[in-house]
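Just below is one structure, and these are the notes that go with it.
Residue numbers (the numbering used here): 1431 to 1705.
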């Protein structure tokens, strides 16, 4: 037997072995596919088409200002219907995604099945932290998302932020991406802390891009008089230290019963303070 013949015979054996392996693999895949189809069919009969799991009740919980009726209407648009849908026939992931994107106020949605016939819907809204440009106007959340005007009186007392670039062209749902605005929103969060809130009641924040700073206007709260102003740096890196300087000054003037009308906390030393 020549070398060439031996090589051909060896090659033929390898091809036969490979063919058997492929055949076994195809057989295994076919078995798995049949099992999957069988399980899918069983699930479809026992769960998806089971009349015992027909949706009879939607339990809506809204953490915000949207009404229950408004959420139910949005669910109807997502084809979630009492008496027609079944609990296991609903694609909860798809419904959650559609519901979250259906209204600018909705930040997060949690859906859960409550057997045998109830769908629980928890809607968490974006939390407004400021008013955009004027009182009772559009709102902003902590990420700078433009929200519809607030309907609750407590929202009308939130700080007003003015001087925001391109705010007039923005529509509800847009995120205003501006460095000074981000600093202002961070300031609102920090000023809610116990140490700041003791002295500061911020009514308006004016963005000053020319000087890269924030100008705060305050309501009357010792030691500050009505309309008192505080200047703060416009970058987040310097904001925390500047607020600490304001706290120290406010505490000293509070204890000394000194009325305060102006602090320029952009200075790190020899900070200008006026009554």
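Backbone N, C-alpha and C define an ideal beta-carbon position, used for all residues, glycine too.
Beta-carbon proximity check, residue i vs residue j, cutoff 8 Å
| i | j | result |
| --- | --- | --- |
| residue 1661 | residue 1608 | no |
| residue 1547 | residue 1486 | yes |
| residue 1604 | residue 1576 | yes |
| residue 1663 | residue 1680 | no |
| residue 1491 | residue 1552 | yes |
| residue 1568 | residue 1602 | yes |
| residue 1677 | residue 1625 | yes |
| residue 1692 | residue 1703 | yes |
| residue 1533 | residue 1504 | yes |
| residue 1516 | residue 1480 | yes |
| residue 1612 | residue 1696 | no |
| residue 1555 | residue 1496 | yes |
| residue 1674 | residue 1701 | no |
| residue 1566 | residue 1578 | no |
DSSP state of residue i mapped onto helix, strand, coil
| i | result |
| --- | --- |
| residue 1503 | helix |
| residue 1668 | helix |
| residue 1657 | strand |
| residue 1542 | strand |
| residue 1643 | strand |
| residue 1675 | helix |
| residue 1628 | coil |
| residue 1465 | Summary for residue 1465: the model assigns pLDDT 48, below 50, so the residue's position carries little reliability; its value from the coordinates is reported in the next sentence. In this structure, residue 1465 counts as helix in the three-state DSSP scheme. |
| residue 1704 | strand |
| residue 1473 | Caution is warranted here: a pLDDT of 45 is assigned to residue 1473, below 50, making its placement in the model unreliable, and the coordinate value is therefore given only provisionally. Here residue 1473 sits in helix by DSSP. |
| residue 1537 | strand |
| residue 1511 | coil |
| residue 1602 | coil |
| residue 1650 | coil |
| residue 1498 | helix |
| residue 1614 | helix |
| residue 1687 | coil |
| residue 1531 | coil |
| residue 1622 | coil |
| residue 1582 | coil |
| residue 1680 | helix |
Residues bridged to residue i [DSSP beta-bridge criterion]
| i | result |
| --- | --- |
| residue 1699 | None, per the DSSP bridge assignment. |
| residue 1516 | 1484 |
| residue 1569 | 1561, 1577 |
| residue 1694 | 1661 |
| residue 1636 | 1592, 1645 |
| residue 1550 | 1489, 1542 |
| residue 1555 | 1536 |
Rounded Cβ spacing between residue i and residue j (contact assumed at less than 8 Å)
| i | j | result |
| --- | --- | --- |
| residue 1494 | residue 1535 | 6 Å |
| residue 1589 | residue 1610 | Contact doesn't hold; Cβ gap of about 14 Å is too wide. |
| residue 1592 | residue 1634 | 7 Å |
| residue 1529 | residue 1539 | 5 Å |
| residue 1646 | residue 1632 | 5 Å |
| residue 1562 | residue 1512 | At roughly 38 Å, the Cβ-Cβ gap does not stay under 8 Å, so residue 1562 and residue 1512 are not in contact. |
Does the contact criterion of 3 or more C-beta pairs under 8 Å hold for the stretch 1613-1629 versus the stretch 1664-1681? At 8 Å Cβ cutoff, the stretches touch.
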